[in-house]
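Asker: Input: one structure, supplied below.
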Amino acid sequence: MASPFRFALLQLARASELLALPQDLQQALRVPDRVIRAAIPVRMDTGSLRVFTGIRVQYSNARGPYKGGIRFHPQVTEDEVTALALLMTLKCAVVDIPFGGGKAGVIVDPKRLSKGELERLSRGFVRAFAPILGPTVDVPAPDVYTNPQIMAWMVGEYGKIVGRSSPAAFTGKPIEIGGSAAREFSTGQGGLYVIQELVRKLQLHPTRATVAVQGFGNVGYHLAELLYDAGFRIVALSDSRGGILSKNGDSMDPRNVLKTKEERGFIAGVYCVGSVCDGKNFKAITNQQLLELPVDLLIPAALEGVITGAIARRAKAKAIVEMANGPTTPEADAILFRRRIPVVPDILANAGGVTGSYFEWLQNMRRVHWSERAVLARLKPLMVRAFQSVWVAARNYRVDLRTGATVLALQRVVDAWQEHRRA
Ligand code: NAD
């Protein structure tokens, strides 16, 4: 079975070689600081007790508190969570924000839980991991199948445990309890800024460029909406049930697709019963067909490992922008590089999310609130600068954008790491 952590280590090894890091240091960077597994007992609505497994990986705090999302998914593994925690470490360094990297997962199919069970699981997660969390220690956020409501339960539970309100302990909260303006769509917004830079470099026409987005959750939906509003042509969308293709190459308004999807109601008040496939007037396609469409921009925004070697050989997109974490396998990466299809890597493309989280954390620590305009005015220059730095690093080292981004990030992590160990 593919190992996302092995993939992430290959990426790390390539960058370490380019930076000519000593072998012992390379070895040290391959090991996460801490991996914690915890049992989370949950009283189900039937009265029976079920024990779920939660995993938190704290990969590195060399540059600041551990930072990374919590995923609720039946296929969560320690290997996957460790890979994502390493990617978070690199991502925070690419955008140069003062956080390290972490990630959490709970092995659960959350769509099979009632709202009460979901709340008890979320609060149980916090009780299990509270001793290793905290605003200056480790700050979780939402990821796949977790959202602001779940963060609200978690921060509430954390406050009960420590005996005071502690909004900076979690990010991605609802605005009413210390969330930040623009956080809900900051991953997509950061992606838009990156895409605008990319389009200039590739000399694509922003109002004619066609786009296919895989995944219609927090990241995929908001980015599709922002791109649509900026004039890009959204020709294909998908979610876990399948995809849709617009009939005459017209641009689909993601808001209308969402409306149709939401008409079927919600599971546990959180997860849509419906799918993008419920829309009429579109041609049904599979997720695989979406990845092979002849579009200008292909945007994977769901899960990892979807762009395999086989897909990379058949891909017809002009460029790929990784809004999901780890969607491209190393084999696919090499093929795409040979085929001169640029891949904007996850650690740059979706870094708007953690940057939005950083702004939320900063506002909570300082007890201030910034307007949406103020948040976006800070986000844009940070994303543009990161894109330009990655582009230059890739050119200088004659490597793909992923390796360029990793070299840039790794140098920053190593500098901080060495300072720490010397202290
Ligand atoms: P989400 O739970 O809101 O949405 C996930 C979407 O993916 C849903 O539309 C779901 O139907 C779809 N999906 C699930 N399995 C699929 C499959 N097999 N094929 C196609 N679609 C499938 O999650 P999200 O927060 O949007 O996260 C999506 C990706 O972006 C993940 O890789 C996550 O790690 C990454 N990411 C999220 C954030 C954030 O702020 N939420 C930030 C950075 C990166």
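The sequence shown runs 127 to 549 under the numbering used here.
The C-beta atom is built at its ideal place from N, Cα and C for all residues, glycine as well.
As the structure is a prediction and not an experimental result, all values here were calculated from the model.
1) Report whether the distance from the Cβ of residue 128 to the nearest heavy atom of the ligand NAD is below 8 Å.
2) For the candidate residues 206, 346 and 392, whose alpha-carbon lies nearest to that of residue 198?
3) Have a look at the DSSP bridge pairing and note the partners of residue 336.
4) List the DSSP bridge partners of residue 551.
5) Suppose you measure from the CA of residue 135 to the CA of residue 278; what does that come to, to the nearest Å?
6) Between the beta-carbon of residue 474 and the beta-carbon of residue 220, is there less than 9 Å?
7) What whole-angstrom Cβ distance do residue 156 and residue 145 have, given they're in contact under 8 Å?
8) Leaving aside the five residues before and after residue 160 along the sequence, list all residues of the same chain whose C-beta is less than 6 Å from its C-beta, in chain order.
9) Would you kindly report the start and end of the unbroken alpha helix (DSSP H) that includes residue 463?
10) Give me, in chain order, the residues of the same chain whose beta-carbon lies closer than 7 Å to that of residue 240; leave out the 5 immediate sequence neighbours on both sides.
11) Which one of 414, 314 and 406 has the shortest CA to CA distance from residue 355?
12) Which whole-angstrom value is the C-beta distance of residue 281 and residue 293, which I expect to be below 8 Å?
13) Nearest by alpha-carbon distance to residue 466: which of 476, 445 and 358 is it?
14) For residue 263, collect the residues of the same chain with a Cβ closer than 6 Å to its Cβ; drop the 5 residues on either side in sequence, then sort them by chain order.
15) Would the beta-carbon of residue 429 be found less than 8 Å away from any heavy atom of the ligand FMN?
16) Report yes if the CB atom of residue 542 is closer than 9 Å to the CB atom of residue 316, and no otherwise.
17) For residue 135, name the three-state secondary structure that DSSP assigns.
18) Tell whether a beta-carbon distance below 9 Å holds between residue 305 and residue 274.
19) At the level of alpha carbons, what is the spacing between residue 148 and residue 488?
20) May I have a chain-ordered list of the beta strand (DSSP E) segments no shorter than 3 residues that lie completely inside the region 374 to 425?
21) For residue 367, is the beta carbon positioned less than 8 Å from some heavy atom of the ligand NAD?
22) Please classify residue 376: is it buried, with 16 or more other beta-carbons within 10 angstroms of its beta-carbon, or exposed?
23) Figure out for me which residue from 209, 261 and 493 has the closest Cα to the Cα of residue 288.
24) Does the ligand NAD have a heavy atom nearer than 8 Å to the CB of residue 452?
25) Enumerate in chain order the residues of its own chain whose CB-to-CB distance from residue 349 is below 7 Å, with the five nearest sequence positions on each side excluded.
26) My output table needs one value for residue 162: the three-state DSSP class, helix, strand or coil.
27) Based on Cα-Cα distance, which residue from 529, 369, 295 and 232 lies nearest to residue 486?
28) What would DSSP say about residue 223, mapped onto helix, strand or coil?
29) Using only CA atoms, which one of 222, 327 and 386 lies nearest to residue 508?
30) Opposite residue 95 in the DSSP bridges: which residues?
Answerer: According to the structure data:
1) Translated into the one-based positions of the sequence shown, residue 128 becomes position 2. Not under cutoff, so the answer is no.
2) Working through the sequence shown from its first residue, we reach residue 198 at position 72. Among 206, 346 and 392, the Cα nearest to that of residue 198 belongs to 206.
3) As a working note, residue 336 is residue 210 in the sequence shown. Per DSSP, 359.
4) Given that the chain is displayed from residue 127 to residue 549, the structure contains no residue 551 and the question cannot be resolved.
5) For the purposes of this step, residue 135 is identified with residue 9 of the sequence shown, where counting begins at 1. For the purposes of this step, residue 278 is identified with residue 152 of the sequence shown, where counting begins at 1. Going from the Cα of residue 135 to the Cα of residue 278 covers about 34 Å.
6) Counting from one through the sequence shown, the residue named residue 474 turns up at place 348. Counting from one through the sequence shown, the residue named residue 220 turns up at place 94. Contact flag set, yes.
7) Indexing the sequence shown from 1 puts residue 156 at position 30. Indexing the sequence shown from 1 puts residue 145 at position 19. So it is not a contact: roughly 14 Å between Cβ atoms.
8) Stepping through the sequence shown from its first residue, residue 160 is reached at position 34. Non-local beta-carbon contacts of residue 160 in its own chain, meaning distances under 6 Å to residues more than five positions away in sequence, involve 184 in chain order.
9) Here residue 463 corresponds to residue number 337 of the sequence shown, with the count starting at 1. Residue 463 -> alpha helix (DSSP H) spans 456 to 464.
10) Within the sequence shown, numbered from 1, the residue matching residue 240 stands at position 114. Sequence-distant Cβ neighbours of residue 240 in its own chain, meaning closer than 7 Å and more than five residues away, are 171 and 394.
11) The residue you call residue 355 lines up with position 229 of the sequence shown. When each option's Cα is compared against that of residue 355, the closest is 314.
12) In the sequence shown, counting from the first residue as 1, residue 281 sits at position 155. In the sequence shown, counting from the first residue as 1, residue 293 sits at position 167. Contact holds; Cβ gap of about 6 Å.
13) Here residue 466 corresponds to residue number 340 of the sequence shown, with the count starting at 1. If we check each option's Cα against that of residue 466, 445 comes out closest.
14) Position 137 of the sequence shown, counted from the start, is the residue given in the question as residue 263. Cβ-Cβ distances below 6 Å link residue 263 to 191 in the same chain, with the five nearest sequence neighbours on each side left out; the list follows chain order.
15) Looking for the ligand FMN in the displayed structure turns up nothing; the ligands present are the ligand NAD.
16) The count along the sequence shown starts at 1 and reaches residue 542 at position 416. The count along the sequence shown starts at 1 and reaches residue 316 at position 190. Going by C-beta atoms, residue 542 is not nearer than 9 Å to residue 316.
17) Stepping through the sequence shown from its first residue, residue 135 is reached at position 9. In this structure, residue 135 counts as helix in the three-state DSSP scheme.
18) In the sequence shown, residue 305 corresponds to position 179, counting from 1. In the sequence shown, residue 274 corresponds to position 148, counting from 1. Yes, the Cβ-Cβ distance between residue 305 and residue 274 is below 9 Å.
19) Working through the sequence shown from its first residue, we reach residue 148 at position 22. Working through the sequence shown from its first residue, we reach residue 488 at position 362. Rounded to whole angstroms, residue 148 to residue 488 spans 35 Å at the Cα level.
20) Uninterrupted beta strand (DSSP E) stretches at least 3 residues long and entirely within the region 374 to 425 occur at 408 to 411, given in chain order.
21) Working through the sequence shown from its first residue, we reach residue 367 at position 241. Residue 367: yes, Cβ under 8 Å from the ligand NAD.
22) For this step, residue 376 is matched to residue 250 along the sequence shown. When all chains shown are included, residue 376 counts as exposed.
23) Translated into the one-based positions of the sequence shown, residue 288 becomes position 162. Ranking 209, 261 and 493 by Cα distance to residue 288 puts 261 first.
24) Residue 452 sits at position 326 when you count from the first residue of the sequence shown. Indeed, a heavy atom of the ligand NAD lies less than 8 Å from the Cβ.
25) If you number the sequence shown from 1, residue 349 lands on position 223. So the qualifying residues of the chain are 314, 317, 318, 339, 425, 427 and 449.
26) On the sequence shown, residue 162 is found 36 positions in, with the first residue counted as 1. Strand.
27) For this step, residue 486 is matched to residue 360 along the sequence shown. Looking at the Cα atoms, 295 is the closest of the given residues.
28) As a working mapping, residue 223 is identified with position 97 in the sequence shown. It is coil, neither helix nor strand.
29) Taking the sequence shown and counting its residues from 1, the one referred to as residue 508 is at position 382. Here the closest residue by C-alpha is 222.
30) It is not possible to answer for residue 95, since the shown part of the chain is limited to 127 through 549.
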